[in-house]
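Below is one structure; the comments refer to it alone.
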Amino acid sequence: MKNEDVLNETSQDIEFMGDETYFRLRKITDDIVKQAARDNSELAKIIDNMVTQVLENNPLSEKLQRMFRKCMLNTITTTLVQKQDDSAFLFTGDIPAMWLRDSGGQLRVFLNLDDPSGKLYDVIGAVIRQQFRYILIDPYTNAFNFSADGNCWSAIDKSERKNPWSWERKYELDSLCFPVELAYFYWKKTKRNDIFDNDFLQAVKQLVQVFRTEQHHAEKSEYFFVRDNGIEQDSLPNEGRGRETCYTGMIWSAFRPSDDACEYGYLIPANMFAVVILGYLQEILSALYANEEALLAEIAALREEVQAGILKYGIVNHPKYGDIYAYEVDGLGNYNCMDDTGVPSLLSLPYIKYCGTHDTIYQNTRRFSLSTDNRYYFEGTAAKGLGSPHTPAGYVWHMGLAIQGLTSTDKEECKELLRLFETTDAGTDLTHEGFLANDPNVYTREWFSWSNSIFCEFILKESGKLSI
54 MKNEDVLNET SQDIEFMGDE TYFRLRKITD DIVKQAARDN SELAKIIDNM VTQVLENNPL
114 SEKLQRMFRK CMLNTITTTL VQKQDDSAFL FTGDIPAMWL RDSGGQLRVF LNLDDPSGKL
174 YDVIGAVIRQ QFRYILIDPY TNAFNFSADG NCWSAIDKSE RKNPWSWERK YELDSLCFPV
234 ELAYFYWKKT KRNDIFDNDF LQAVKQLVQV FRTEQHHAEK SEYFFVRDNG IEQDSLPNEG
294 RGRETCYTGM IWSAFRPSDD ACEYGYLIPA NMFAVVILGY LQEILSALYA NEEALLAEIA
354 ALREEVQAGI LKYGIVNHPK YGDIYAYEVD GLGNYNCMDD TGVPSLLSLP YIKYCGTHDT
414 IYQNTRRFSL STDNRYYFEG TAAKGLGSPH TPAGYVWHMG LAIQGLTSTD KEECKELLRL
474 FETTDAGTDL THEGFLANDP NVYTREWFSW SNSIFCEFIL KESGKLSI
């Protein structure tokens, strides 16, 4: 396979991954796609009809309408593999693994729209079932293989546990939250109970057990992770155990939503997401598993403890912005004032339903996040926006622009963000990971389904069609 067959010449994917890794990933992807139980052409037609309805009498530019259609179709036509059983596999795009986080984010957009046929809902339910089966295999794994084939991002990884399903074992608190969020929205939208089987219940019990264990990481957890590749953010210090923390009531996380190592173990936006999904679990269990009284009580207590920890340790007074949420803390007095594009981010708090857009501390935090006082906010000649330590300095993320729009109540701000999407896609009609703020033709991740989906959510919001 030649790189010109799959990449624009200005994509940095091969440069950053290296030839061997890039083409190894493409080969694994091809092998997975060949195992599909059925094609997705019927689903594509359903989505295409949905898009046509959204765009009817829509004032968006022709370019944005074309991008919306292509991005909406991208997930189903290029990353969904329906399996022989009642589950489905959803890889991220250019990496042939299914992330618990990404797969939830990839599909959330579709639950804003009606599917009279029910066939799209069937597939979303199949992915949800796969997510909770993966949690049962290993709740500390963030990304899984199509089958127990032993494929992995890096064979040099060291952890206390390995299994052939694990693509990589970077424990991320948010990874356990996204499947619950998707299941909850699926239930609310479709009124279906089919995903709430014994696997779901047992996976929830494992999730709660992990949360309880990681409230006391140093004392109770066996988890460690080391990847000796010379990249600091790919490994945890202290022989893979992470920096010292003390009990706060919050849940420790090894890695951020960017898959970069946490500097301090209590990742505030991830703990906020945990508060939200624990509330969803209370509602689901009360309605469908009413006899699980002990589990319900445990979830309620855990939710209160995490929220109390956020309020006690997660708010810092900034000399310029007043009270804002820190990005990470350790409970020992150290904190990290920054924001990263990866959801959950501080910018995304209304998007993950932790607070409203007019919340005072959120607004203070938002002003900080979208300023150069945040060291991962970048301004260039072509664009400005939130970036990430996961990509080089000066790279703005499309996901960050979409979240900025989804959490904005300013029409002019949203109008400018739509303009940026029109002018920073490098002529692909798709979104990417990061692009150079001085030259959007230079970018990472030609094929990044989650970013496409969040862009589509922003378009639905601007079209008055966003319901989640």
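Everything in the sequence shown is counted per our numbering, starting at 54 for the first residue and increasing by one.
Glycine is no exception: its CB is placed at the ideal position from the N, C-alpha and C atoms.
Identify the continuous alpha helix (DSSP H) that holds residue i and give its terminal residues.
i, result
"Ile337", "321-341"
"Val557", "Here the chain comprises residues numbered 54 to 521, so residue 557 is not present and cannot be evaluated."
"Leu108", "94-108"
"Ala271", "270-273"
"Ile284", "Taken as a continuous stretch (DSSP letters only), Ile284 belongs to no alpha helix (DSSP H), as it is neither H nor E."
"Leu189", "172-190"
"Tyr415", "413-422"
"Phe474", "464-476"
In the DSSP assignment, what are the bridge partners of residue i?
i, result
"Ala314", "Phe308"
"Lys437", "Glu432"
"Trp43", "Residue 43 is absent from the structure shown; the chain starts at 54 and stops at 521."
"Lys376", "It is worth fixing the name first, because residue 376 is Asp in this sequence and not Lys. In the DSSP output, where bridge partners are listed per residue, Asp376 has Asn370."
"Leu522", "The first residue shown for the chain is 54 and the last is 521, placing residue 522 beyond what the model contains."
"Val257", "Per DSSP, none; premise fails for Val257."
"Phe197", "Met151, Ser219"
Return the first residue and the last residue of the beta strand (DSSP E) that residue i is part of.
i, result
"Gly295", "Careful: Gly295 lies outside any beta strand (DSSP E) and carries neither H nor E."
"His371", "368-371"
"Gly487", "487-489"
"Val495", "492-496"
"Val449", "448-450"
Helix, strand or coil for residue i, going by three-state DSSP, please let me know.
i, result
"Phe231", "helix"
"Lys211", "strand"
"Met70", "helix"
"Asn389", "strand"
"Trp152", "strand"
"Ser219", "strand"
"Phe121", "helix"
"Phe278", "strand"
"Glu499", "coil"
"Leu513", "helix"
"Ala354", "helix"
"Phe381", "Residue identity check: residue 381 is Glu in the sequence provided, not Phe. Looking at Glu381 - three-state DSSP - the assignment turns out to be strand."
"Ile85", "helix"
"Ile521", "coil"
"Val263", "helix"
"Leu78", "helix"
"Leu399", "coil"
"Gln65", "coil"
So, under 8 Å CB-CB, residue i and residue j are touching, yes? Tell me the CB distance rounded to an integer number of Å.
i, j, result
"Glu297", "Asp383", "7 Å"
"Glu221", "Ser200", "Not really, about 16 Å apart at Cβ, beyond 8 Å."
"Tyr415", "Pro403", "7 Å"
"Asn505", "Thr484", "5 Å"
"Leu459", "Glu510", "6 Å"
Is it buried or exposed, residue i, if we count other Cβ atoms within 10 angstroms and call 16 or more buried?
i, result
"Lys223", "buried"
"Gln137", "exposed"
"Pro149", "buried"
"Asp313", "buried"
"Cys299", "exposed"
"Glu225", "buried"
"Asp83", "exposed"
"Thr476", "exposed"
"Ile209", "exposed"
"Gly283", "exposed"
"Asn204", "buried"
"His443", "buried"
"Arg122", "buried"
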